[in-house]
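Enquirer: Numbering (our numbering), first residue to last: 16 to 362.
For every residue, glycine included, the Cβ atom is placed at its ideal position computed from N, Cα and C.
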Amino acid sequence: MKVLVTGGLGFIGSHTVVSLIENKYEVIIVDNLYNSKIDVLDRIEKITGVRPKFYKLDCSNSEEMDKLFSQEKIDSIINFAGYKAVGESVKKPLMYYENNLDICFALFKAMEKYNVKNFVFSSSATVYGLPDKVPLTEESPVKSATSPYGETKVMIERILKDMAFVHKDWNIAILRYFNPIGAHKSTLLGEDPNGIPNNLLPYINKVAVGELKELKVYGNDYPTPDGTGIRDYIHVVDLARGHVLALKKLETNPGLVVYNLGTGKGTSVLEVIKAYEKATGIKIPFEFAPRRDGDVPENYASTEKAEKELGFKCQYSVEDACLDGYNFQKAETERVKNLIHKTAKTL
Ligand code: UFG
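(1) Can residue 58 be considered in contact with the ligand UFG, in the sense that its beta carbon sits closer than 6 Å to one or more heavy atoms?
(2) I'd like to know whether the C-beta atoms of residue 115 and residue 191 end up nearer to each other than 7 Å.
(3) I need the straight-line Cα distance from residue 70 to residue 344, nearest angstrom please.
(4) Can you tell me where the alpha helix (DSSP H) with residue 377 in it begins and where it stops?
(5) Looking at the ligand UFG, does it come within less than 6 Å of residue 215, judged from the CB to the closest heavy atom?
(6) For the ligand UFG, is there a heavy atom less than 6 Å away from the beta-carbon of residue 167?
(7) Can you tell me whether residue 290 sits near the ligand UFG, meaning its C-beta is under 6 Å from at least one heavy atom of the ligand?
(8) Take residue 328 as the anchor and find which of 296, 254, 361, 156 has the nearest alpha-carbon.
(9) Please confirm whether any heavy atom of the ligand UFG lies closer than 6 Å to the CB of residue 277.
(10) Could you give the DSSP three-state label for residue 164: helix, strand or coil?
(11) Let me check understanding here. Comparing Cα to Cα, which of 298, 233, 142 lies closest to residue 308?
(12) Mind checking whether the beta-carbon of residue 194 lies closer than 6 Å to any heavy atom of the ligand UFG?
(13) Please determine whether the Cβ atom of residue 102 lies at a distance below 6 Å from any heavy atom of the ligand UFG.
(14) Are the CB atoms of residue 36 and residue 68 within a distance shorter than 7 Å?
(15) Judging by CA-CA distance, which residue of 221, 56, 39 is the nearest neighbour of residue 23?
(16) Buried or exposed: where does residue 282 fall if 16 or more other Cβ atoms within 10 Å of its Cβ makes it buried?
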């Protein structure tokens, strides 16, 4: 089984590639390195002993995609490629709509022309908007999202439904991720965004290694038990395994299927800080700040459907993910320091 993984060197993509290789899939990665590093390919090889074939290509370019599909006989696609920063998307909506939609158009055209029938799409819990009630089931209404980024997910889900309607032999898995955190145990793969992180765990990691002074907790007046926002934090290695299970499901020809990938458990920002401190023994200084625009008070997944139909069950806790995330950050900071030291010596 040859699986094309777009954005396969990114945070979720790289962990999924490892999981696919461990499950004996042949993986081809396409990534334009916009938000990822080529080193990740070496690290995947270090972990799995297999170096997947890699193409540095822009997935939004249909000619380049056409060429790739003419060279490789691809059975399935997992599409991670796309811009993903919520705040940036509010400032640059056109960039987000154009890129995220063009990537899908290029892939769908190639699927039609080269007879590829299986497609897994990285969607997000953001499609549920402000939830009427939690936990969110796959039947909860899909609403207008609170950012252009989120809206691209809503739009692509809609386009996928239209594609499935005309292509009865296509199998499509829409996976709605909750909040992926953590890193690979080896400390070789993880999330290390450029600049000041927007997301909670990458920010806490930088505080833990001393790169940032303190965390700002956005809002302590939400209608939640401790007043801070509640999310469903899922370890990225569990999430990666969910993709392999989804792919196996597609091999049974189910048509279009939708699954939440979360733990089913909500955790508040203050609880995350506590779990992090317990797991790492490091104190995380924080102060309360006003609510962040676009944040919902609470969301977490109903995991019943994924558990029943995919056999998906999370193995790791928030505490496990905090420790793995911290260990990755610490190792990465060391690696960067060593590199700077080495470069300075050779100059
Ligand atoms: N938070 C802080 N301080 C920070 C960063 C975040 O208090 O510095 C809080 C937020 O207010 C929220 C929680 O931590 O209550 C989680 O925030 P994240 O930014 O880590 O994650 P979000 O839930 O906002 O967003 C994530 C993904 C999006 C996706 C969304 C779907 O990053 O891509 O989940 O629900 F769209």
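Expert: Let's see:
(1) no
(2) no
(3) Spanning the two alpha carbons is a distance of roughly 27 Å.
(4) Because the chain in this structure spans residues 16 to 362, residue 377 falls outside the shown range and cannot be described.
(5) Because some heavy atom of the ligand UFG lies under 6 Å away, the Cβ of residue 215 counts as near it: yes.
(6) no
(7) no
(8) 254
(9) no
(10) In this structure, residue 164 counts as helix in the three-state DSSP scheme.
(11) 233
(12) yes
(13) no
(14) no
(15) Nearest C-alpha to residue 23: 56.
(16) buried
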